[in-house]
Amino acid sequence: MAIERCINEFDVGDVIFEEGSTGRELFVVLDGQVEIAKINGGSKTVIVTLGKGEFFGEMAVIDGSSRSATAIAASPHTRVMRINHARFVYLVSQQPAFALMIMDALSKRLRASNAVTFRAANP
1 MAIERCINEF DVGDVIFEEG STGRELFVVL DGQVEIAKIN GGSKTVIVTL GKGEFFGEMA
61 VIDGSSRSAT AIAASPHTRV MRINHARFVY LVSQQPAFAL MIMDALSKRL RASNAVTFRA
121 ANP
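Note that the sequence shown covers residues 1 to 123 in full-length UniProt numbering.
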């Protein structure tokens with residue numbers, strides 16, 4: 001598959017994927033910024049804003065579950081590269097450094113989530 005077909009461009013406010021949707025791909029930010037947010041009615045809570053070189057959507061590609069949050073382009077001309085499940089499995093199996101990078105990011109995200117949860121439970 002040509003790499004160009006794996007790259008999408010979004011404008012500010014464009015939804016890349018919605019919470020609850022199914023997806024078997026992760027995304028790498030090539031240019032711009034992406035907000036990962038929880039949306040409840042008309043209220044949006046931004047969990048994190050990601051920039052060039054960062055990735056999102058990895059949980060769905062790993063475990064096949066539905067998306068846990070909504071991804072929204074946060075700057076003009078935001079470009080992302082899609083990595084489908086088959087390519088992800090290939091990269092993990094053939095590039096140990098790629099697998100370690102994913103595990104490192106997941107670990108850091110889980111630690112940050114734990115810290116927020118602890119602070120909320122212990123005001």
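Beta carbons: idealized from backbone N, C-alpha and C, even for Gly.
**Cβ-based neighbour list, M1, same chain, cut-off 7 Å, excluding 5 preceding and 5 following** = Its pLDDT being 49, under 50, M1 is placed unreliably by the model, and nothing is read from it.
Integer Cβ distance of P18 from R67, believed to fall under 8 Å: Reading off the sequence, residue 18 comes out as Glu, not Pro. For E18 against R67, the beta-carbon gap comes to about 7 Å, under 8 Å, which counts as contact.
So, for E25: in the same chain, excluding its five sequence neighbours on each side, which residues have a beta-carbon less than 7 Å away from its beta-carbon?
Leaving aside the five residues that flank E25 on each side, the residues in its chain whose CB is nearer than 7 Å to its CB run, in chain order, G57, V61, R82, I83, N84 and H85.
**Message:** How far does the beta strand (DSSP E) with A74 in it extend, from its first residue to its last?
**Reply:** Bounds of any beta strand (DSSP E) do not take in A74, whose DSSP letter is neither H nor E.
Pull up the distance between the alpha-carbon of S75 and that of I7, whole angstroms please.
-> If you take the alpha carbons of S75 and I7, they lie about 16 Å apart.
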